[in-house]
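Novice: For the first sequence, the positions run 442 to 725 when this note's numbering is used.
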Amino acid sequence: MPELPEVEVTRASLARRLLGAQVVAVRLGKPLRWAMGCEPASLAGMRAGDMARRGKYLWLPLAGQDGGVPPPELPRAGGLLLHLGMSGSLNLSDAPGPAGPHDHFDLLTDRGTLRLTDPRRFGAVVWSESLDAEPARKLLARLGAEPFDPALTAHSLHRALRSRRVAIKTALLGGDIVVGAGNIYASEALFLAGIDPRTRCDRIGLMRCDRMLAALRLTLARAIELGGSTLRDFRDAHGVAGAFQAEARVYAREGLACLQCGSTIRRIVQGQRSTFFCPVCQRR
DNA sequence: ATGGGTACCTGTCTGC
DNA sequence: TGCAGACAGGTACCCA
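1) Note down the Cα distance separating residue 505 from residue 459, rounded to an integer number of angstroms.
2) Going by beta-carbon coordinates alone, are residue 567 and residue 525 separated by less than 7 angstroms?
3) Quick one: is residue 702 buried, meaning 16 or more other Cβ sit within 10 Å of its Cβ, or exposed?
4) Return the residue from the list 613, 648, 619 that minimises the CA-CA distance to residue 638.
5) Closer than 8 angstroms by C-beta to residue 468: which residues in its own chain qualify, once you throw out the five before and the five after it? Chain order, please.
6) In this structure, how does DSSP classify residue 592 when only helix, strand and coil are distinguished?
7) Give the straight-line distance between the Cα atoms of residue 564 and residue 686, rounded to the nearest whole angstrom.
8) For the beta strand (DSSP E) that residue 604 lies in, which residues bound it at each end?
9) Pairs of beta-carbons, one from the region 717-725 and one from the region 655-674, closer than 8 angstroms: are there three or more?
10) What are the residues that DSSP puts in a beta bridge with residue 624?
11) If distances are taken between C-alpha atoms only, which option among 645, 503, 473 comes closest to residue 462?
12) I need the DSSP call for residue 508, collapsed to helix, strand or coil.
13) With distance defined between alpha-carbon atoms, name the residue in 697, 543, 622, 475 nearest to residue 569.
14) Over what stretch of residues does the beta strand (DSSP E) that includes residue 519 continue unbroken?
15) Tell me whether the region 526-536 and the region 643-650 touch, counting them as touching only if at least three CB pairs, one residue from each stretch, are closer than 8 angstroms.
16) Mind checking which residues open and close the alpha helix (DSSP H) that includes residue 452?
17) State yes or no: is the C-beta of residue 492 within less than 7 angstroms of the C-beta of residue 455?
18) Looking at the strands, I want to know which residues DSSP matches up with residue 705.
19) Taking the C-alpha atoms as reference points, what is the distance between residue 534 and residue 626?
20) What separation, rounded to the nearest whole angstrom, lies between the Cα atoms of residue 449 and residue 661?
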């Protein structure tokens, strides 16, 4: 499910309410992608800091209670690195119902219960003493540039792409050059840039890198503005669905007319994932 | 280093 | 109706 816009919308809808919240207890459901890596009870009493995002990961800083005396063998500060996988969403509620079969993590706090619902369980909640400590460091190490980082330019993108021979769509999904675009927004951004998703990275010149970067930023920013895409079950932390899917120009539109030129949108498979594009508007 | 494939897990939809 | 198969928003890991 969640690509950068959905993760950012989730972060934005949580950060303010969670800042300063004190952890009361943790409840775990079925195992997620990795074990949490700390004793759930050891989080009780800690206070939440400002939730941050890196790529599609969320980071919730937690620190020992002021004046508290945590037993020395327990972690005193660190945070939870969260990932929503393909089907995860976070909800913060004052009155959470009983945990359902897909509710695999509850962080009970004095500001409500933060609940991760994730049917496919590709998501993760992992304790790390800092972003530079394991396991967070290793998980974040491979991530590419943040799309809205001003340090990311057409030039730096061009430099990163010119040694790669994979198709540009595959490279965007990989996230090791630029993070944030998943299967929906990679297709959408390439449509907006007029670039065929099968184009080899090393065939994309500086001018097209410039267009692609602008298209990626425009697409992600618009999606954030619309609360993300809700294809099936994505909701922000207040239960609000996204609206970007109604503006998708190519994603899930196989066989329909291109909104720009009228020719038929195609679906192909790249790296075991569907790609949607207009064979006329998008050039190699 | 790059590339390709596999694996994780559950739900939904399609076609026979 | 039942059932097999394809497919779904992600990414770590293994091998060539």
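A virtual CB, placed ideally from N, CA and C, is assigned to each residue, including glycine. Values in this document were obtained by computation on a predicted structure and should not be read as measured data.
Specialist: Let me lay it out:
1) 15 angstroms
2) no
3) exposed
4) 613
5) 481, 540, 546, 547, 549
6) Three-state DSSP puts residue 592 in coil, outside helix and strand.
7) 22 angstroms
8) Here residue 604 belongs to no beta strand (DSSP E), and DSSP marks it neither H nor E.
9) no
10) Note: residue 624 sits in no beta bridge, so no partner.
11) 503
12) Legend: pLDDT at residue 508 = 45, less than 50; position of this residue unreliable, value from coordinates given subsequently. Coil, per DSSP.
13) 475
14) It spans 518-524 - the beta strand (DSSP E) in which residue 519 sits, taken as one unbroken run.
15) no
16) 445-459
17) In this structure, residue 455 lies closer than 7 angstroms to residue 492 by Cβ.
18) 698
19) When the Cα atoms are used, residue 534 and residue 626 turn out to be separated by approximately 29 angstroms.
20) 10 angstroms
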